[in-house]
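The structure under discussion appears below in the form of structure tokens.
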Amino acid sequence: MLKNRTWLVFANESKCDHIGSFKKLGFINWVENKTKFAKDDTVYVFVSSSTERRIRYKTKVVAIHSQREDSAFWIGEAPNDITSKLQLVKEFEGNELNESFLVSHGFNGGRSIQRPMCNNPELFEYIEGLFNSNSSLIYNRIMTRSKIYKFDDEF
920 MLKNRTWLVF ANESKCDHIG SFKKLGFINW VENKTKFAKD DTVYVFVSSS TERRIRYKTK
980 VVAIHSQRED SAFWIGEAPN DITSKLQLVK EFEGNELNES FLVSHGFNGG RSIQRPMCNN
1040 PELFEYIEGL FNSNSSLIYN RIMTRSKIYK FDDEF
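What follows is the structure, encoded as structure tokens:
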């Protein structure tokens, strides 16, 4: 059995409203043709939009080889492909995961983010440290059907 891995994926908001999907459904579906996710892998989502370029979400792979369930959030027609289901774990609200900060921790940016990445220990240590910090900018998300309840992390 493979050890659970940590990944970074690039979410282009001009193609799909990933933010809306997380807010309404609590998950996104990610195409499997370029990834080898396993159940329980951690996947960080780098959001690229007209207003931000940063890692915003920590997710967990809860299902693989699944049908797409987030079609309503696609700009245009959603692809009819086999996906992995990425359940929201936490959302990061600070600036420390902006692209400019990530570069100093081993992030290459540019074309390197067009494919999921899982082999950058320095970068993942930095990211995980921020998600695990007791910063008031981090919220745990508890999903109950379609409602999201926010609780500040304890200090």
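With our numbering, letter number 15 in the sequence shown gets 934, and the count goes up by one each step, no holes. Glycine included, every Cβ here is placed at the ideal spot set by N, Cα and C.
Asked: Do S940 and D989 have their beta-carbon atoms positioned less than 7 angstroms apart in this structure?; Found: yes
Asked: Taking C-beta to C-beta, are K1009 and F946 nearer than 7 angstroms?; Found: no
Asked: In three-state terms, what does DSSP make of A930?; Found: strand
Asked: Answer with buried or exposed for T970, where buried requires no fewer than 16 other C-beta atoms within 10 angstroms of its C-beta.; Found: exposed
Asked: Shortest alpha-carbon distance to H937 belongs to which of A957, T925, Q1006, I1046?; Found: Q1006
Asked: If you check the beta carbons only, do A930 and V964 fall under 7 angstroms apart?; Found: yes
Asked: Quick one: grab the DSSP three-state call for I994.; Found: coil
Asked: If I'm right that I994 touches K942 with Cβ under 8 angstroms, what's the distance once you round it to whole angstroms?; Found: Contact flag wrong, Cβ pair sits at about 16 angstroms.
Asked: Along the chain, where does the beta strand (DSSP E) that runs through K955 open and close?; Found: Note, K955: premise wrong, no beta strand (DSSP E); not H, not E.
Asked: Buried or exposed: where does R973 fall if 16 or more other Cβ atoms within 10 Å of its Cβ makes it buried?; Found: buried
Asked: Thinking C-beta only, is T1002 closer than 7 angstroms to T961?; Found: no
Asked: Does the stretch 949 to 959 come into contact with the stretch 973 to 983, if we say contact requires no fewer than three beta-carbon pairs (one atom in each stretch) closer than 8 angstroms?; Found: yes
Asked: Among the candidates Y1045, N1051, P1035, whose CA atom is the shortest distance from the CA of L1021?; Found: Y1045
Asked: Can you find a C-beta in chain D that's less than 7 angstroms from the C-beta of T961?; Found: Checking the listed chains, one finds no chain D in this structure; it contains a single protein chain.
Asked: Give me the Cα-Cα distance between K953 and F1011, rounded to the nearest whole angstrom.; Found: 26 angstroms
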